[in-house]
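Below is one structure, written out as structure tokens, with a few remarks after it.
Number of protein chains: 2
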Amino acid sequence: MQTVRYYEREGLLDTPARSGSGYRMYGPAHVERLNFIRHCRSLDMPLADVKRLLELSRDRGVSCDDVNDLVQGHLERVRAKRAALQALETQLGALRAQCDAGHRVADCGILEELIHAAQGEACACHPEPHGARAAGARKRA
Amino acid sequence: MQTVRYYEREGLLDTPARSGSGYRMYGPAHVERLNFIRHCRSLDMPLADVKRLLELSRDRGVSCDDVNDLVQGHLERVRAKRAALQALETQLGALRAQCDAGHRVADCGILEELIHAAQGEACACHPEPHGARAAGARKRA
DNA sequence: TGCAGACCTTGTAGCTACTATAGGGTCAAG
DNA sequence: CTTGACCCTATAGTAGCTACAAGGTCTGCA
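Chains as they are written, first to last, in our numbering: chain A, 3 to 143; chain B, 3 to 143.
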């Protein structure tokens with residue numbers, strides 16, 4: 003419910019009329035608009051994109067290239083993120099495989115991996131060694 | 003650089019000694035710790051998990067089951083998110099296919115889809131009618 | 001010695017899309 | 001008339017930074 007107020011504050015929903023005691027009175031147009039927003043959000047579109055779509059859909063005569071670009075751009079961001087997560091999954095799988103249950107932290111392959119990697123060595127999760135471009139830290143001592 | 007200060011504030015990095023004029027003086031232990039954190043972050047682990055790992059790695063005699071669980075849990079969250087994004091990609095692809103470039107907003111298949119969906123009808127991106135839709139966790143049967 | 005410019009310090013606000021809480025007002029039922 | 005469910009506003013918190021402001025410090029050069 004605060005979400006609806008939030009959309010109103012952000013300019014995605016028209017401010018509804020108020021009853022005598024200050025209650026918001028929503029009409030069918032508000033409900034439809036809210037469903038539009040929720041549908042876009044279910045596609046994980048940022049609210050800025052949703053707002054842009056709402057603006058575009060008011061000018062029914064204008065070219066819809068912007069609509070295309072917006073959806074296409076969003077699709078590409080989703081694709082890129084999915085690919086990144088897929089790589090991450092592989093890396094975490096490799097890390098996870100370093101340790102079987104039942105022993106102690108001193109012998110834990112996962113922590114070993116993480117600590118070695120922190121020292122700039124190669125690790126199971128990032129096959130290539132870190133060292134090439136590490137050591138960016140500025141020190142004075 | 004503010005990031006390092008942020009980690010210090012959040013208790014992930016020890017507060018370094020200060021020079022006479024108040025400058026922070028980092029030693030090799032700080033650098034190694036920071037690399038540990040950055041490595042974990044490159045695996046997209048939340049800072050809370052990184053902090054937990056740092057705590058666990060201090061008690062070298064304790065069981066490492068917690069380390070396992072933490073990494074396993076993170077892997078599962080990544081897997082779930084990746085799967086959700088994959089489904090999303092399909093949905094956005096379907097939506098994107100509703101419109102070819104070069105015509106006007108009044109005839110735009112994408113907007114049509116979104117508006118129809120806002121009225122509770124079935125849409126290309128969400129094959130089933132609106133009622134059965136739950137955010138992100140849905141599987142096609 | 002003076003000064004420019006690069007770096008450091010602290011503190012604050014902004015980003016996304018909500019969510020939670022506090023402290024109050026309104027309304028309908030019993 | 002009270003109880004409890006709802007609504008109102010305003011504020012703060014979430015994650016992990018990033019950007020900016022206003023000032024202090026250090027270094028090199030003339």
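For every residue, glycine included, the Cβ atom is placed at its ideal position computed from N, Cα and C.
Keep in mind that this is a model prediction, so the values were computed, not measured.
For residue i: DSSP bridge partner residues
i	result
methionine 3(A)	Paired residues: none, contrary to the question.
methionine 27(B)	Ala19(B)
arginine 106(A)	Ser65(B)
Short CB-CB distance (under 9 angstroms) between residue i and chain B
i	result
glutamate 10(A)	no
lysine 53(A)	no
leucine 20(A)	Reading off the sequence shown, one finds arginine at residue 20(A), where the question assumed leucine. By this cut-off, arginine 20(A) is not an interface position.
glutamine 4(A)	no
histidine 128(A)	yes
glycine 29(A)	no
arginine 26(A)	no
histidine 76(A)	yes
histidine 32(A)	no
arginine 7(A)	no
Cutoff 9 angstroms: residue i Cβ touching any chain A Cβ
i	result
arginine 106(B)	yes
alanine 124(B)	no
leucine 15(B)	no
alanine 50(B)	no
serine 65(B)	yes
arginine 98(B)	yes
serine 23(B)	no
arginine 43(B)	no
Residue range of the unbroken alpha helix (DSSP H) whose run includes residue i
i	result
glutamate 123(A)	Careful: glutamate 123(A) lies outside any alpha helix (DSSP H) and carries neither H nor E.
aspartate 68(B)	67-98
serine 59(A)	49-60
Buried or exposed by the 16-neighbour rule on C-beta atoms within 10 Å, applied to residue i
i	result
arginine 35(A)	buried
methionine 27(A)	exposed
tyrosine 25(A)	exposed
methionine 3(B)	exposed
valine 69(B)	buried
tyrosine 9(B)	buried
glutamate 12(A)	exposed
serine 44(A)	buried
valine 52(A)	buried
alanine 50(B)	exposed
glutamine 93(A)	buried
valine 33(A)	exposed
serine 59(B)	buried
glutamate 78(B)	exposed
alanine 99(A)	exposed
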